[in-house]
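Numbering (full-length UniProt numbering), first residue to last: 1 to 103.
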């Protein structure tokens, strides 16, 4: 797992065509706003739904939540299940919105 800033995440999204963006917040949080083209698997369901990601073990995965805590936990779950290119977005969606607002 590699921790990256929202600026680095933005660069990764624009340059990595095979990137999977994984949102591990709740459905309600996702509905309120999310990164474009992100896949929602709430942290509590990730261990049960990990099979949805099988075959993507070598695909770069950007993981985010609201502020960074759940995405860190999700990144560890992914690592423990054989995923190798995991990017944990520090500060989460909250920081992402601040970053976009400052552009």
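All residues carry an ideal CB built from backbone N, CA and C; glycine is no exception.
Measure the Cβ-Cβ separation of residue i and residue j and say whether it is below 9 Å.
i: residue 90; j: residue 4; result: yes
i: residue 67; j: residue 88; result: no
i: residue 32; j: residue 41; result: no
i: residue 21; j: residue 54; result: no
i: residue 74; j: residue 46; result: yes
i: residue 93; j: residue 10; result: no
Report all residues from its chain with a CB closer than 7 Å to the CB of residue i; omit the five preceding and five following residues, and keep chain order.
i: residue 16; result: 60
i: residue 57; result: 82, 83 and 84
For residue i, is the classification buried or exposed, using 16 other Cβ atoms within 10 angstroms of its Cβ as the cut-off for buried?
i: residue 23; result: buried
i: residue 95; result: buried
So, for residue i: in the same chain, excluding its five sequence neighbours on each side, which residues have a beta-carbon less than 6 Å away from its beta-carbon?
i: residue 78; result: 86
i: residue 38; result: 21 and 23
Taking DSSP's pairing of strands, which residues face residue i in a bridge?
i: residue 3; result: 88
What does a CB cutoff of less than 8 Å around residue i pick up in its chain, not counting 5 residues either side in sequence?
i: residue 140; result: Here the chain covers residues 1 to 103 and nothing more, so residue 140 does not appear.
i: residue 2; result: 86, 87 and 88
i: residue 97; result: 33
Open item on the list: Which runs of the beta strand (DSSP E) at least 3 residues long sit entirely within the UniProt domain "Rhodanese" (15–101)? Give them in chain order.
Closed with: 20–23, 38–40, 61–64 and 86–89
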